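In this note's numbering, the protein residues as written are 829 to 1032. No residue lacks a Cβ here, since even glycine has one placed at the ideal position from N, Cα and C. For clarity, every value in this text was computed on a predicted model and none was experimentally measured. First up is the structure itself, then whatever we jot down about it.
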């Protein structure tokens, strides 16, 4: 395979994934607004969980929520079967991600959260799945079938789900009126912290 073909292949991937993410806007439903309001009203923590590639998406989502003014934590669903589910309280909201909605560890955690009185928000492409039935709110998110190699290696679909989480994250940021100054107080370190200090000095 020559250099030109490799570059064409990479370009095709970027085009395919960007078109998939753009199509996500057509899937947004009132359930997103309901989930955002539920997270806004949460008196505890928003706990985010997922396995496999959804683990990576969930970990990123929890971090960005915390950066945006919503106290959030990632809880590994596998660890939830070994005592970690005890961290979930009635005042918490669990956001559980599972493409097919049948991941045993995720559903165990969702079930435990329900038993403890927490609100469960399920992010899945199959509302009729076990996770869908366990959830108080279902966020149906379905990436185009052709966006992943072999329909199984979650390259494009993980980006698709991350974009959905980004949309919810920015909605939460705006609902909370989370300002740049507030963000600066939680992120004083690194290049971001230096940039924020520079902005503050320019304003003063």
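For residue j and residue i, the rounded distance between their alpha carbons
| i | j | result |
| --- | --- | --- |
| residue 938 | residue 893 | 20 Å |
| residue 837 | residue 1013 | 43 Å |
| residue 920 | residue 843 | 39 Å |
| residue 832 | residue 841 | 14 Å |
| residue 935 | residue 830 | 46 Å |
| residue 915 | residue 889 | 19 Å |
| residue 858 | residue 968 | 11 Å |
| residue 898 | residue 974 | 34 Å |
| residue 906 | residue 932 | 9 Å |
| residue 875 | residue 1011 | 20 Å |
Cβ neighbours of residue i in the same chain (closer than 8 Å, five flanking residues each side left out)
| i | result |
| --- | --- |
| residue 912 | 903, 904 |
Coarse secondary structure for residue i, derived from DSSP in three states
| i | result |
| --- | --- |
| residue 925 | strand |
| residue 996 | helix |
| residue 967 | strand |
| residue 960 | helix |
| residue 906 | helix |
| residue 952 | strand |
| residue 842 | helix |
| residue 901 | strand |
| residue 881 | helix |
| residue 1014 | helix |
| residue 981 | coil |
| residue 866 | helix |
| residue 916 | coil |
Nearest neighbour of residue i, chosen from the options [CA to CA]
| i | options | result |
| --- | --- | --- |
| residue 947 | 872, 933, 974, 982 | 872 |
| residue 881 | 972, 928, 944 | 928 |
| residue 885 | 1004, 974, 926 | 926 |
| residue 922 | 953, 942, 835, 986 | 942 |
| residue 956 | 876, 878, 930 | 930 |
| residue 989 | 908, 883, 1002 | 883 |
| residue 952 | 1001, 1000, 900, 879 | 879 |
| residue 901 | 980, 867, 877 | 877 |
| residue 940 | 869, 891, 908 | 908 |
| residue 848 | 1016, 1002, 986 | 986 |
| residue 891 | 997, 1005, 1003 | 997 |
| residue 861 | 1018, 835, 995 | 995 |
| residue 896 | 835, 971, 1003 | 1003 |
Beta-carbon contacts of residue i that lie in its chain and below 6 Å, excluding the five residues immediately before and after
| i | result |
| --- | --- |
| residue 950 | 924, 959, 960, 963, 966 |
| residue 982 | 881, 976 |
| residue 887 | 902 |
Other residues of its chain near residue i: CB distance less than 7 Å, five sequence neighbours each side excluded
| i | result |
| --- | --- |
| residue 944 | 916, 917, 918 |
| residue 992 | 852, 969 |
Residue i: CB within 6 Å of a non-hydrogen atom of the ligand PLP
| i | result |
| --- | --- |
| residue 968 | Although the ligand PLP was asked about, the structure shown includes no ligands whatsoever. |
Cβ of residue i within 7 Å of any chain D Cβ
| i | result |
| --- | --- |
| residue 984 | Of the chains in the structure shown, none is chain D; there is only one protein chain. |
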